[in-house]
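In this note's numbering, the protein residues as written are 3 to 243.
Each remark here refers to the structure printed beneath this line.
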Amino acid sequence: MKKDELYVDPQRVVPDFVFDERVAQVFPDMINRSVPGYATIINMIGTLASRWVAEGSNCYDLGCSLGAASMAVSSAIPHQDYALIAVDNSLPMLQQAAKLLERSQQDSPIQLVCSDVRNVAIERASMIILNFTLQFIPAEDRQSFLTQLYDGMLENGLLVLSEKIALSNDASQQLFTEMHHSFKKAQGYSDLEISQKRSALENVLIPETLERHKARLQEIGFTTVEVWFQCFNFVSLLAIK
Ligand code: GEK
Numbered sequence: 003m004k005k006d007e008l009y010v011d012p013q014r015v016v017p018d019f020v021f022d023e024r025v026a027q028v029f030p031d032m033i034n035r036s037v038p039g040y041a042t043i044i045n046m047i048g049t050l051a052s053r054w055v056a057e058g059s060n061c062y063d064l065g066c067s068l069g070a071a072s073m074a075v076s077s078a079i080p081h082q083d084y085a086l087i088a089v090d091n092s093l094p095m096l097q098q099a100a101k102l103l104e105r106s107q108q109d110s111p112i113q114l115v116c117s118d119v120r121n122v123a124i125e126r127a128s129m130i131i132l133n134f135t136l137q138f139i140p141a142e143d144r145q146s147f148l149t150q151l152y153d154g155m156l157e158n159g160l161l162v163l164s165e166k167i168a169l170s171n172d173a174s175q176q177l178f179t180e181m182h183h184s185f186k187k188a189q190g191y192s193d194l195e196i197s198q199k200r201s202a203l204e205n206v207l208i209p210e211t212l213e214r215h216k217a218r219l220q221e222i223g224f225t226t227v228e229v230w231f232q233c234f235n236f237v238s239l240l241a242i243k
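Encoded structure:
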């Protein structure tokens, strides 16, 4: 696995973050060292899939990056009678995902699709995974996008929504930001790398509060909405139709 050193050198102007070829090359290292609990979340997505992905249904991994969640799903499901549609709008990320899939030699029904997740027709979905993707969708589109997902889900279908969150209490926001930075330092990132990455993401990754996420999912119609994972300002929710 190639090490993420994208922000090691000082940059006069830090451009907005994009999922380009350079990011695709180092992505597994980047996300594991940036998102506390990422490996656990990926594992548990497999566990959730083994309960939810019904025969004859579709499972969607939206914003799939290199396909880690899709691979966890396909390893966890005992039958082959489902379609797994993994979507990302970054071609370099998908090309890297295709290489990894080929190498893994998994006999799985994963279809890689290069598209904006907002343009995907969702049908007969028993499970939809949004693992740290919604945060990159413009805030004004989130309600209609999630409604579109809800409409394409089967009764009792599962949405897994993982997000970096903002905290409405300023002291808590400060505390969790500091704890996240401590986590990144412990993972070997320098203060300069942390601050340059933060600037790069500032206009690109827009976090919302947990209360906002929960209220919106309930408003759309999901019957059960629960946090199943949290580490500092990183959460994963499950929402059942
Ligand atoms: C994982 N889920 O490893 N349409 C399609 N893809 C998008 C869009 C969009 N509008 N916006 C962003 N992306 C993965 C990790 S990473 C999270 C997800 C992170 C894609 C983007 O290209 C990237 O691959 C992914 O969403 C977000 O389980 O890097 O913090």
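Glycine is no exception: its CB is placed at the ideal position from the N, C-alpha and C atoms.
Please read these numbers as outputs of a predicted model, since none were measured by experiment.
Cβ-based neighbour list, S192, same chain, cut-off 8 Å, excluding 5 preceding and 5 following: Cβ neighbours of S192 beyond the five flanking positions: V10.
beta-carbon C66 near the ligand PLP non-hydrogen atom, thresh 8 Å: The ligand PLP is not part of the structure shown, which contains the ligand GEK as its ligands.
Burial state of D172 (16 or more Cβ within 10 Å): It is exposed - the Cβ of D172 has fewer than 16 other Cβ atoms within 10 Å.
Close-in-space but distant-in-sequence residues of the same chain around R126 (CB under 7 Å, 5 per side omitted): Within the same chain, R126 has close Cβ partners S59, N60, L156.
Same chain only: Cβ atoms within 7 Å of S72, ignoring 5 sequence neighbours per side: Around S72, the same chain offers D63, C66, L86, A88, I112 as residues with beta carbons nearer than 7 Å, after the five sequence neighbours per side are excluded.
Runs of beta strand (DSSP E) lying entirely within the region 60 to 148, each at least 3 residues, in chain order: Runs found: 84 to 90, 112 to 116, 127 to 133.
Simplified DSSP assignment, three categories, for N158: DSSP places N158 within a strand segment (E or B) once states are collapsed to three.
Closer than 8 Å: R200 CB and nearest the ligand GEK heavy atom: R200: no, Cβ never under 8 Å from the ligand GEK.
Bridge partner(s) assigned by DSSP for Q232: According to DSSP, which records beta bridges pairwise, Q232 is partnered with V237.
Supposed contact pair E7 and P94 - C-beta distance, whole angstroms, cut 8 Å: Taking a contact as a CB-CB distance under 8 Å, the pair P94 and E7 does not count as one, their CB atoms being some 17 Å apart.
beta-carbon F138 near the ligand GEK non-hydrogen atom, thresh 8 Å: True, at least one ligand heavy atom lies under 8 Å from that Cβ.
Where the alpha helix (DSSP H) containing R14 begins and where it ends: Per DSSP, R14 belongs to no alpha helix (DSSP H) and is neither H nor E.
Expected contact under 8 Å - CB spacing of L132 and L161 to nearest Å: Yes, they are in contact, since the Cβ atoms of L132 and L161 sit about 7 Å apart, within 8 Å.
9 Å Cβ cutoff met for I167 and V237: Yes. Within cutoff.
Backbone secondary structure at E165 - three-state DSSP: E165 falls in the strand class under three-state DSSP.
F134 beta carbon near the ligand GEK (any heavy atom closer than 8 Å): Because some heavy atom of the ligand GEK lies under 8 Å away, the Cβ of F134 counts as near it: yes.
Distance cut-off 8 Å: R120 Cβ against heavy atoms of the ligand GEK: Checking every heavy atom of the ligand GEK against the Cβ of R120, one is found closer than 8 Å.
Residues bridged to E180 [DSSP beta-bridge criterion]: Paired residue(s): none; E180 is not in a bridge.
Which residues DSSP lists as bridging E210, in chain order: Its beta-bridge partners are I167.
Rounded straight-line distance, which links the Cα of E57 to that of D83: Whole-angstrom Cα-Cα distance: 5 Å.
Nearest-angstrom Cα separation, counted from K5 out to Q145: If you take the alpha carbons of Q145 and K5, they lie about 36 Å apart.
Heavy atom of the ligand GEK within 8 Å of F224 beta-carbon: Checking the Cβ of F224 against the ligand GEK gives no.
Cβ-based neighbour list, S128, same chain, cut-off 6 Å, excluding 5 preceding and 5 following: Taken in chain order, the residues that qualify are W54, V55, A56, S59, L156, G159.
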